[in-house]
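Whatever position you read off the sequence shown (first residue = 1), add 1 for the numbering used here.
Positions of the beta carbon are idealized from the N, C-alpha and C atoms, including for glycine.
Note that the structure is a prediction, hence the values are computed from the model and not measured.
Following: one structure in structure tokens, then a few remarks.
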Amino acid sequence: MDGDRETKRPRTYSNNNSNSNSKQQAKNAPQNKGAEEDAANMSASKKAVVDSFKSYRDTLDLHHDQRERVIKCSRDITALSKKIVFSLLRITQDGPTRVFDEAERKHKQVLELFAKISADLQGTDASKYNRQATPGIQEYIEAIGLWVFLRDNKLITMQQVVERLTPEGASAPLVDVTDSDYVLGICDLPGEVNRYCINSIGKGDREAVKRCVAFLRVMKEGVALLLCSGKIKDLDKKSEVLDSSLSKTEAAYYSMCIREGETGSMDVDAPTTTGGSNSSSSNQATVGVA
Numbered sequence: 002m003d004g005d006r007e008t009k010r011p012r013t014y015s016n017n018n019s020n021s022n023s024k025q026q027a028k029n030a031p032q033n034k035g036a037e038e039d040a041a042n043m044s045a046s047k048k049a050v051v052d053s054f055k056s057y058r059d060t061l062d063l064h065h066d067q068r069e070r071v072i073k074c075s076r077d078i079t080a081l082s083k084k085i086v087f088s089l090l091r092i093t094q095d096g097p098t099r100v101f102d103e104a105e106r107k108h109k110q111v112l113e114l115f116a117k118i119s120a121d122l123q124g125t126d127a128s129k130y131n132r133q134a135t136p137g138i139q140e141y142i143e144a145i146g147l148w149v150f151l152r153d154n155k156l157i158t159m160q161q162v163v164e165r166l167t168p169e170g171a172s173a174p175l176v177d178v179t180d181s182d183y184v185l186g187i188c189d190l191p192g193e194v195n196r197y198c199i200n201s202i203g204k205g206d207r208e209a210v211k212r213c214v215a216f217l218r219v220m221k222e223g224v225a226l227l228l229c230s231g232k233i234k235d236l237d238k239k240s241e242v243l244d245s246s247l248s249k250t251e252a253a254y255y256s257m258c259i260r261e262g263e264t265g266s267m268d269v270d271a272p273t274t275t276g277g278s279n280s281s282s283s284n285q286a287t288v289g290v291a
């Protein structure tokens, strides 16, 4: 019976499985192709987005670098302009020739700093970075404004500022100076004029003190006219400083005049008469005239 028993063999499905797999692959082929195309399109779109943001990054980096250069040079210009002011205020001790020569040397250094940021402040960038550049420009105008006042007893003009910023042989200034830069720059001048006035009082230079008072009074009249327009930001704050400087200068001038009057009356020779009442009345008349 064992010999007659049929030997059972395992069934093989290789052909059927391969056929079904082939059919399934053929069925899925269009779907796989579409997925690959979508992936390719997605990669291209993603690459375009990434490239766009890289361009934005480069633009922002360029902007921040340019902005930092302007800020740094503006701070250096401010510091060097202050040194020019300090040098000019020593005119009562060192004399005009020595002081002006030293100011001229420092002025050349300031122009070198302006030359470094000249390319960053051209065209539309001049207004774009004006907020970062204007502190240095205003301090520079204050310094050369004090220079012109001490030398010529005049208020520096906008044209003179532009000429100072124009290198020899060039047709345009290193940086553009706006009306706001000029007005706010000269409005910083009264504080330095007041310091020069105090130094002049110490030297007994009454004429210099008188010039300071007249100069600040004229400046106040001009600034009052500009305040009516209301077009220059922070001008009202500068005007308060101008009023304060003018008040201090006038008070110092009045005190100087009173002291001169008192010392002048003491220097008058006493009358030769010995009469008490006549001598007293004579002295009173002398003080009144002084």
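Pick from the options that is closest to residue i, judged by C-alpha positions
{"i": "residue 217", "options": "108, 189, 256", "result": "189"}
{"i": "residue 65", "options": "92, 94, 87, 121", "result": "121"}
{"i": "residue 115", "options": "93, 75, 44, 94", "result": "75"}
{"i": "residue 254", "options": "207, 235, 125, 245", "result": "207"}
{"i": "residue 103", "options": "124, 119, 79, 148", "result": "148"}
{"i": "residue 248", "options": "119, 264, 196", "result": "196"}
{"i": "residue 69", "options": "215, 141, 129, 213", "result": "129"}
{"i": "residue 85", "options": "143, 46, 59", "result": "143"}
{"i": "residue 205", "options": "250, 261, 127, 156", "result": "261"}
{"i": "residue 238", "options": "224, 133, 251", "result": "224"}
For residue i, the three-state DSSP class (helix, strand or coil)
{"i": "residue 100", "result": "helix"}
{"i": "residue 188", "result": "coil"}
{"i": "residue 158", "result": "coil"}
{"i": "residue 258", "result": "helix"}
{"i": "residue 270", "result": "For residue 270, the predicted model reports a pLDDT of 41, less than 50, meaning its position is unreliable; a value from the coordinates is still stated below. Reduced to three states, the DSSP call for residue 270 is coil."}
{"i": "residue 233", "result": "coil"}
{"i": "residue 169", "result": "coil"}
{"i": "residue 264", "result": "helix"}
{"i": "residue 85", "result": "helix"}
{"i": "residue 180", "result": "helix"}
{"i": "residue 250", "result": "helix"}
{"i": "residue 125", "result": "coil"}
{"i": "residue 63", "result": "helix"}
{"i": "residue 175", "result": "coil"}
Residue interval of the alpha helix (DSSP H) (run including residue i)
{"i": "residue 133", "result": "131-153"}
{"i": "residue 223", "result": "207-230"}
{"i": "residue 118", "result": "Run containing residue 118: none; DSSP gives neither H nor E here."}
{"i": "residue 93", "result": "92-95"}
is_contact[residue i, chain C] using C-beta, thresh 8 Å
{"i": "residue 163", "result": "No chain C appears in the structure shown, which is made up of a single protein chain."}
Anticipated Cβ contact below 8 Å, residue i with residue j, distance rounded
{"i": "residue 228", "j": "residue 184", "result": "So it is not a contact: roughly 10 Å between Cβ atoms."}
{"i": "residue 191", "j": "residue 243", "result": "5 Å"}
{"i": "residue 112", "j": "residue 175", "result": "7 Å"}
{"i": "residue 163", "j": "residue 138", "result": "Not a contact, Cβ separation roughly 12 Å."}
{"i": "residue 146", "j": "residue 187", "result": "5 Å"}
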